[in-house]
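**Q** Residue numbers (the numbering used here): 6 to 132.
Idealized CB from N, CA, C, for every residue including glycine.
Mind having a look at this structure? Questions to follow.
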């Protein structure tokens, strides 16, 4: 639009954004290339946020210790990690270990129905 002779102010009105945003975008590079600008924005986006403590070395060690029937709590204490982080990595499948093989999963049983407080009526009064 700038090449077509539109001002930064008119471009901002048509795109429904601030004129300072248009000015910022145009001055990010000497020659404006939208592909390079988008690639730069994507890179900066990947660099922001919290970094994970999981390294490939830790992932292998944790999966090996889980296979040796260590609990997540034992691993967390031994390697100074958070137990919840280990469970999150397992559930997101970042660590190569099935969540069904966790030690506590086999012990927990889900009840189908709550049977307490219900009456089983076999015979009625009107036989």
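(1) Classify residue 99 as buried or exposed, calling it buried when 16 or more other Cβ atoms lie within 10 Å of its own Cβ.
(2) Which same chain residues, not among the five before or five after residue 70, have their C-beta less than 6 angstroms away from its C-beta?
(3) Straight-line CA distance for residue 50 to residue 59?
(4) Buried or exposed: where does residue 107 fall if 16 or more other Cβ atoms within 10 Å of its Cβ makes it buried?
(5) If contacts are defined as beta-carbon pairs under 8 angstroms, then residue 68 and residue 102 qualify, I think. What distance do you get, rounded to the angstrom?
(6) Span of the alpha helix (DSSP H) holding residue 41?
(7) Helix, strand or coil for residue 81 per DSSP?
(8) Using the rule of at least 16 other Cβ atoms within 10 Å of the residue's Cβ for burial, across every protein chain shown, is residue 27 buried or exposed?
(9) Leaving aside the five residues before and after residue 30 along the sequence, list all residues of the same chain whose C-beta is less than 8 angstroms from its C-beta, in chain order.
(10) Of the choices 94, 32 and 46, whose alpha-carbon is the least far from that of residue 57?
(11) For the alpha helix (DSSP H) that contains residue 123, what are its first and last residues?
**A** Result, derived from the coordinates:
(1) exposed
(2) 80
(3) 20 angstroms
(4) buried
(5) 5 angstroms
(6) 39-52
(7) Judged by DSSP in its simplified three-state form, residue 81 adopts helix.
(8) buried
(9) 37 and 42
(10) 94
(11) Residue 123 -> no alpha helix (DSSP H), and no H or E assigned at all.
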